[in-house]
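A.B. asks:
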Amino acid sequence: MKISVIGCGYLGAVHAACMAQLGHDVIGIDVDANRIESLARGEAPFFEPGLPETLTSSLASGRLRFSTDLAAVRGSAVHFVAVGTPQRKGENAADMTYVDGAIDGLLPHLSDGDLVVGKSTVPVGTAARLAKRVAEHSGAQLAWNPEFLREGFAVKDTIAPDRLVYGVPDGDAGEMVRQLLDEVYASAVASGTPVVVADYATAELVKVSANAFLATKISFINAMAEIAEVTGADVSKLADALGFDARIGRRFLNAGIGFGGGCLPKDIRGFIARAEELGRGESVAFLKEVDAINLRQRDRMVQIVVDALNGEPFQKKVAVLGLAFKPNSDDVRDSPALDIAVNLRGLGANVVATDPAAIANARRLHPQLGFSDDPLEAIRDADVVVLATEWADFVALDPIEVGALVRTRTIIDGRNVLDAVSWRAAGWTYIGMGRP
Ligand code: UGA
């Protein structure tokens, strides 16, 4: 099929490359000329495992092109809208400027029978509003097809998603739209991927409620970590024991410095704002607490570090291992690790942070921090070491080797991933989050 993808950020670039890999003829559009040039050269503009290879092979096949000119979407039968919906400055609500702009920009280039497919995460009610606009100005149809990809696994999640959700119009049009989407996702459908066909509102809500549920699960276990801390319980063992109950499940029960990134934090805030607009604020008011518990973990970590430095962080060297919001990503949007590094710097500590992929992005936002590409250099002469993002290289650090470099053997494990026994055996004071 001939497909266009409007917006080539984390979502759109991966979607465009993967759709071409699946055999479609794809044009990716973005307003950022640098981004488009780099994608056209086969260079991923951000760190995503597998994306450079997918881009290179798709470009070589001739099925993937990029352009800054929206007119290049002409001739595509399906147009994916994959632009960002960031949090509005100073508000909880999502900024819809880019989605509205993309739809307005598309309208003059649509032909009868085209399908516009929204992938961006939007406030419930958006698809119905945009469907009207598309119908008023063209003979095209609109579908909402939320995306569930995780950064770090984005290629795999796009090629082989765990489910497909189609928000379609009522009646015969809905059936036509479903058939077109089944054609787009033919390989996933053929391999038995569950497909949920729903109305627009349900499809939009699946996305935000999935992220709200995941955020709630993380904040739940972090709340338990706070209780564990004052009772001497071990939150990691607690999570293991809870996880054996199949109704609960072990995934997303890792306590630590909490969730960040470009999705979970802004999506729960956007959901709160939208529910309030709908007069149902009380239904999701608990998400405010989920947000508050999450942000509190960052303050807790800063306090743990300050306590470990006997209340005197000024000019002490703090090595921060990790800046990305999670491993296998260079994304520092709303990153707990970066926030903690910045706050410790604000208290006068000499922070030296390291990350395998996210230093450039972190430095752009916070040039006042110290950075080192080499974890061992970051750690050298440290008064305290903080593990903030659980990159495999950090988890694999040898406590004996590292112990010879530092001034004081204090390690604070912000992700509860280190083996406390071996670190203690190497003479370290090991402090986890909600672990004795
Ligand atoms: C999230 C969802 O998992 C995806 O399904 C969704 O498609 C995506 O948002 C989106 O809306 O686009 P992502 O932001 O890539 O994906 O990251 P997650 O893997 O969900 O992790 C989010 C944060 O939670 C990270 O900071 C991670 O460190 C933290 N986390 C995760 C925990 O603190 N504990 C856990 O047990 C799991």
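For the sequence shown, the numbering used here begins at 1 and goes up steadily by one. Note that beta-carbon positions come from the ideal geometry of N, C-alpha and C, so glycine has one too. All values reported here derive from a predicted model rather than from experimental measurement.
(1) With respect to the beta strand (DSSP E) encompassing Val117, which residues constitute its N-terminal and C-terminal limits?
(2) Based on Cα-Cα distance, which residue from Gly258, Leu107, Ala341, Leu369 lies nearest to Glu136?
(3) Do Phe66 and Ile29 come within 9 Å of each other at the CB atom, strictly closer than that value?
(4) Quick check: is any heavy atom of the ligand UGA less than 8 Å from the C-beta of Gly403?
(5) Taking DSSP's pairing of strands, which residues face Leu64 in a bridge?
(6) Verify whether the separation of the beta carbon atoms of Val81 and Ala102 is less than 9 Å.
(7) Can you grab the Cα-Cα spacing for the pair Pro356 / Ala378, in whole Å?
(8) Do Arg345 and Leu387 have their C-beta atoms within less than 9 Å of each other?
(9) Have a look at Asn145, Glu151, Arg407, Ser111 and flag the residue whose alpha-carbon is nearest the alpha-carbon of Asn139.
(10) Can the beta-carbon of Ala425 be found closer than 9 Å to that of Arg435?
(11) For Lys119, count neighbouring C-beta atoms within 10 Å of its own C-beta (all shown protein chains included) and say buried if the count is 16 or more, exposed if not.
(12) Inspect the CB distances between the stretch 176 to 184 and the stretch 147 to 163 and report whether three or more fall short of 8 Å.
(13) For the stretch 310 to 337, list the beta strand (DSSP E) runs that are entirely contained and at least 3 residues long, ordered along the chain.
(14) Three Cβ pairs or more, each shorter than 8 Å: is that satisfied between the stretch 239 to 254 and the stretch 195 to 205?
(15) On the DSSP bridge assignment, give the partners of Asn350 in chain order.
(16) Which of the three DSSP states, helix, strand or coil, is assigned to Phe148?
(17) For Gly167, which residues does DSSP report across the bridge?
(18) Skipping 5 residues on each side, what residues in its chain have a beta carbon closer than 8 Å to that of Gly105?
(19) Around the C-beta of Gln368, are 16 or more other C-beta atoms found within 10 angstroms, so that it is buried, or is it exposed?
(20) Where does His366 fall in DSSP's three states?
(21) Going by DSSP, which residues form a beta bridge with Ala94?
(22) My assumption, with CB atoms under 8 Å, is that Ile340 sits in contact with Ile257. Please give the rounded CB distance.
(23) Starting from Thr429, trace the beta strand (DSSP E) in both directions and tell me its first and last residue.
(24) Determine the direct distance from the alpha carbon of Gly322 to that of Phe371, and round the result to whole angstroms.
(25) With a 10 Å radius around its C-beta and 16 neighbouring C-beta atoms as the bar for buried, classify Lys89 as buried or exposed.
(26) Among Val189, Val117, Arg363, Gln297, whose alpha-carbon lies nearest the alpha-carbon of Asp440?
(27) Is any heavy atom of the ligand UGA found at a distance shorter than 8 Å from the C-beta of Ala319?
(28) Run through DSSP, which three-state label would Ser283 get?
(29) Among Lys132, Val116, Gly311, which one has its Cα closest to the Cα of Trp144?
(30) Which value, in whole angstroms, describes the spacing of the CA atoms of Val468 and Phe220?
(31) Would you mind giving the Cβ-Cβ distance between Ala362 and Val332, rounded to the nearest angstrom? I have them listed as a contact below 8 Å.
(32) Rounding to the nearest angstrom, what Cα-Cα distance links Phe314 and Pro49 in this structure?
(33) What are the boundary residues of the alpha helix (DSSP H) that includes His15?
(34) Short check: CB of Asp330 to CB of Phe46, under 9 Å?
(35) Within 10 angstroms of its Cβ, does Ser58 collect 16 or more other Cβ (buried), or is it exposed?
(36) Let me know the secondary structure DSSP gives Ile268 once reduced to three states.
C.D. replies: Concretely, from the data shown:
(1) 115 to 118
(2) Leu107
(3) yes
(4) no
(5) Val26
(6) yes
(7) 12 Å
(8) In this structure, Leu387 does not lie closer than 9 Å to Arg345 by Cβ.
(9) First, the amino acid is wrong: residue 139 is Gly here, not Asn. It is Ser111.
(10) For Ala425 and Arg435, no; Cβs fall outside 9 Å.
(11) Taking all protein chains in view, the Cβ of Lys119 is crowded by 16 or more other Cβ atoms within 10 Å, so the residue is classified as buried.
(12) no
(13) Runs found: 317 to 321.
(14) no
(15) Lys317
(16) coil
(17) Trp144, Ala198
(18) Taken in chain order, the residues that qualify are Ile6, Leu70.
(19) exposed
(20) Note: His366 maps to coil in three-state DSSP.
(21) Answer is Gln87, bridged to Ala94.
(22) 6 Å
(23) 429 to 431
(24) 11 Å
(25) exposed
(26) Given a span of 1 to 436 for the chain in the structure shown, any question on residue 440 remains unanswerable.
(27) Not so, every heavy atom of the ligand UGA lies at least 8 Å from the Cβ.
(28) helix
(29) Val116
(30) The structure shown does not extend to residue 468, since the chain spans only 1 to 436, so no value can be given for it.
(31) 5 Å
(32) 38 Å
(33) 10 to 21
(34) yes
(35) buried
(36) helix
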